[in-house]
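First residue of the sequence shown? That's 1 in UniProt numbering, and the numbers climb one at a time after it.
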Amino acid sequence: MSFTSDVKGEICLDALDIYEAKAQLCALMQVKATLHMNWQGMYVAFQMENAGIIKHIYGLVKRLYHVEGRLSVLKKMQLKKNNIYRLQIYEKASEILDDLMILNETGLHSAPPYKWTRSEKNARAYLQGCFLASGSINSPKTTNYHCEITTSNEQLAAGIQKVMERFFLPARLIERKNVYVVYIKAGDKIADFLRLCNASNALFAFEDNRIQRDFYNQLTRLDNCEVANEMKTFKAAKEQIECIRILEENAAKLTIPEKITRVMEVRKRHPEASVNELCDEVYKEFGETISKSGMKHRLSKIRTLAAPWRTMDEKKD
1 MSFTSDVKGE ICLDALDIYE AKAQLCALMQ VKATLHMNWQ GMYVAFQMEN
51 AGIIKHIYGL VKRLYHVEGR LSVLKKMQLK KNNIYRLQIY EKASEILDDL
101 MILNETGLHS APPYKWTRSE KNARAYLQGC FLASGSINSP KTTNYHCEIT
151 TSNEQLAAGI QKVMERFFLP ARLIERKNVY VVYIKAGDKI ADFLRLCNAS
201 NALFAFEDNR IQRDFYNQLT RLDNCEVANE MKTFKAAKEQ IECIRILEEN
251 AAKLTIPEKI TRVMEVRKRH PEASVNELCD EVYKEFGETI SKSGMKHRLS
301 KIRTLAAPWR TMDEKKD
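Here it is, written out as structure tokens:
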């Protein structure tokens with residue numbers, strides 16, 4: 001099973017009161033249901049590959065309106081050839097749509113009904129229904145965090161986005177292949193969404209993988225930083241040793257202060273040492289205490305003294 005299926009399975013097990021159940025069913029119908037007319041009259045149909053969600057919708061309709069829906073199974077003949085589960089609701093279809101505030105005298109309502117999103121608990125159940133209908137979340141083991149809900153209606157998508165923003169979920173809205181996608185990319189906000197949906201087990205799995213991945217990423221960054229610092233130190237030390245060689249070759253033409261000479265001796269004996277380590281070596285060999293900034297100043301002085309001869313060498317080359 002996919003991570004999305006695990007999340008949806010948990011949402012289906014969440015205990016709902018009658019108003020939360022209606023809010024969730026309203027979202028499921030607005031996002032996923034289709035409205036039909038035939039010789040028998042009006043009916044509502046759901047069609048999904050997830051048998052658990054179809055069973056959940058069947059249970060909600062039976063619990064709330066004491067209606068038995070018609071269940072059927074279709075077989076895909078292309079690609080994965082998965083089963084498609086269909087639920088058709090003929091009895092009381094108009095009454096159900098009216099009670100859920102989806103259909104009235106003025107027609108179909110595309111936006112989330114205020115009645116089912118006014119309170120926090122109903123709004124939470126409404127978002128659960130939206131996710132059950134057409135939501136998905138990338139596995140936390142993948143490289144990118146992504147949670148989305150899709151719908152064919154732009155007004156409904158904008159309404160879902162606003163409901164999510166009420167819970168401080170910074171959702172974005174885009175159009176993709178003739179559908180509207182409300183999505184979240186931040187890992188911590190996806191965790192908040194799972195918490196909002198009462199998908200505790202999925203939340204723990206998501207957070208565990210997220211923490212582990214972030215930890216390893218941090219270790220990698222630290223390792224890369226350490227390698228970069230070592231390379232920088234090695235390059236600087238190589239340049240300093242070259243400057244020391246030039247100064248020693250031209251020692252007769254120069255007057256080099258004793259403090260600089262000490263640093264030159266220590267650097268030659270410890271070509272891979274860092275600035276701090278050079279400070280320690282100067283203290284061990286000469287008993288002189290020198291700060292990190294002082295050591296950097298002396299190393300800079302070595303480069304300055306050698307600069308004229310380095311320039312001449314470069315011109316010869």
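Virtual Cβ for every residue (Gly too), placed ideally from N, Cα, C.
Quick caveat: nothing in here was measured; it's all calculated off a predicted structure.
DSSP puts residue 45 in a beta bridge; with which residues? BP columns for residue 45 point to 34, 88.
For residue 270 and residue 280, I'd like the C-alpha separation in whole angstroms. Each residue's Cα considered, the two are about 11 Å apart.
Assuming the contact rule is C-beta atoms closer than 8 Å, residue 114 and residue 24 should be a hit. Round their C-beta distance to whole Å, please. Their Cβ separation, rounded to whole angstroms, is 16 Å, which puts residue 114 and residue 24 out of contact at 8 Å.
Select from 31, 186, 140, 12 the residue whose C-alpha is nearest the C-alpha of residue 180. Considering only alpha carbons, the answer is 31.
The alpha helix (DSSP H) enclosing residue 102, as first and last residue numbers: Residue 102 -> no alpha helix (DSSP H), and no H or E assigned at all.
Contacting residues, own chain, Cβ-Cβ under 6 Å from residue 290 (five flanking each side not counted): Setting aside the 5 residues that flank it on each side, residue 290 is surrounded in the same chain by 279, 282, each with a C-beta closer than 6 Å to its C-beta; the list follows chain order.
Mind checking who residue 108 pairs with in its DSSP beta bridge? Here residue 108 is bridged, per DSSP, to 103.
Give me the Cα-Cα distance between residue 264 and residue 228, rounded to the nearest whole angstrom. Looking at the two C-alpha atoms, the distance is approximately 25 Å.
Assign residue 254 to one of two classes, buried (16 or more other C-beta atoms within 10 Å of its C-beta) or exposed (fewer than that). Per the 10 Å Cβ criterion, exposed.
Could you tell me how far apart the beta carbons of residue 71 and residue 111 are, in whole angstroms, since I believe they sit closer than 8 Å? So it is not a contact: roughly 30 Å between Cβ atoms.
For residue 19, the nearest candidate out of 118, 41, 4, 58 (CA to CA): Ranked by Cα distance from residue 19, the first of 118, 41, 4, 58 is 118.
How many angstroms separate the CA atom of residue 214 from the CA atom of residue 309? In this structure, the CA atom of residue 214 is about 50 Å from the CA atom of residue 309.
Roughly how many angstroms lie between the CA atoms of residue 58 and residue 182, to the nearest whole one? Between residue 58 and residue 182, the C-alpha separation is close to 26 Å.
Does the beta-carbon of residue 137 have 16 or more other beta-carbons within 10 angstroms, so that it is buried, or is it exposed? With 16 or more other Cβ atoms within 10 Å, it is buried.
C-alpha distance - residue 98 paired with residue 160, whole-angstrom precision: Roughly 20 Å separates the two Cα atoms.
Among 103, 273, 198, 250, which has the Cα closest to the Cα of residue 237? Ranked by Cα distance from residue 237, the options 103, 273, 198, 250 are led by 273.
Kindly list the residues whose CB is nearer than 6 Å to the CB of residue 190, restricted to its own chain and excluding five residues on each side of it in sequence; keep chain order. Exclusion of the five residues before and after residue 190 leaves 145, 147, 184 as the residues of its chain whose Cβ lies within less than 6 Å of its Cβ.
Name the DSSP beta bridge partners of residue 94, please? In DSSP, residue 94 forms no bridge with anything.
What would DSSP say about residue 174, mapped onto helix, strand or coil? In the structure shown, residue 174 sits in a strand (DSSP, three-state: E or B).
Residue 343, enclosing alpha helix (DSSP H) - first and last residue: The structure shown has nothing for residue 343, since the chain only spans 1 to 317.
Can residue 199 and residue 10 be called in contact, C-beta distance under 7 Å? Cβ atoms of residue 199 and residue 10: closer than 7 Å.
Residue 299: which of 266, 177, 35 sits nearest, CA to CA? Ranking 266, 177, 35 by Cα distance to residue 299 puts 266 first.
Which same chain residues end up closer than 6 Å to residue 133 when comparing Cβ atoms and leaving out the 5 residues on each side of it in sequence? Excluding its 5 nearest sequence neighbours in each direction, residue 133 has C-beta neighbours in its own chain below 6 Å: 28, 31, 32, listed in chain order.
Candidates 86, 231, 305, 100, of which the one nearest residue 65 by Cα: Residue 100 holds the alpha-carbon nearest to the alpha-carbon of residue 65 among 86, 231, 305, 100.
So, residue 54 versus residue 87, is the Cβ gap smaller than 7 Å? The Cβ atoms of residue 54 and residue 87 lie closer than 7 Å to each other.
Using a 10 Å radius around the Cβ and a threshold of 16 neighbouring Cβ atoms, would you call residue 93 buried or exposed? Buried is the call here.
Of all the options 305, 260, 204, which has the alpha carbon lying nearest to the alpha carbon of residue 288? Of 305, 260, 204, the residue nearest in Cα terms is 260.
Just to confirm before moving on: does the CB-CB distance between residue 202 and residue 14 stay below 7 Å? Against a cut-off of 7 Å, the Cβ pair of residue 14 and residue 202 comes out as no contact.
State yes or no: is the C-beta of residue 128 within less than 7 Å of the C-beta of residue 197? Yes. Within cutoff.
The beta strand (DSSP E) enclosing residue 71, as first and last residue numbers: Here the beta strand (DSSP E) through residue 71 covers 70-75.
Please return the same chain residues whose Cβ sits closer than 8 Å to the Cβ of residue 285, not counting the five positions on each side in sequence. Counting only Cβ-Cβ distances below 8 Å, and skipping sequence neighbours, we find 262, 265, 266.
Put residue 256 into one of helix, strand or coil per three-state DSSP. Looking at residue 256 - three-state DSSP - the assignment turns out to be coil, as it is neither helix nor strand.
Residue 114 Cβ short of 6 Å to the ligand NAD heavy atom set: Looking at this structure, you won't find the ligand NAD or any other ligand, since it has none at all.
CB-CB under 6 Å to residue 141, same chain, minus the five flanking residues each way: which ones, in chain order? Non-local C-beta neighbours of residue 141 in its own chain, meaning closer than 6 Å and more than five positions away in sequence, comprise 209, ordered along the chain.
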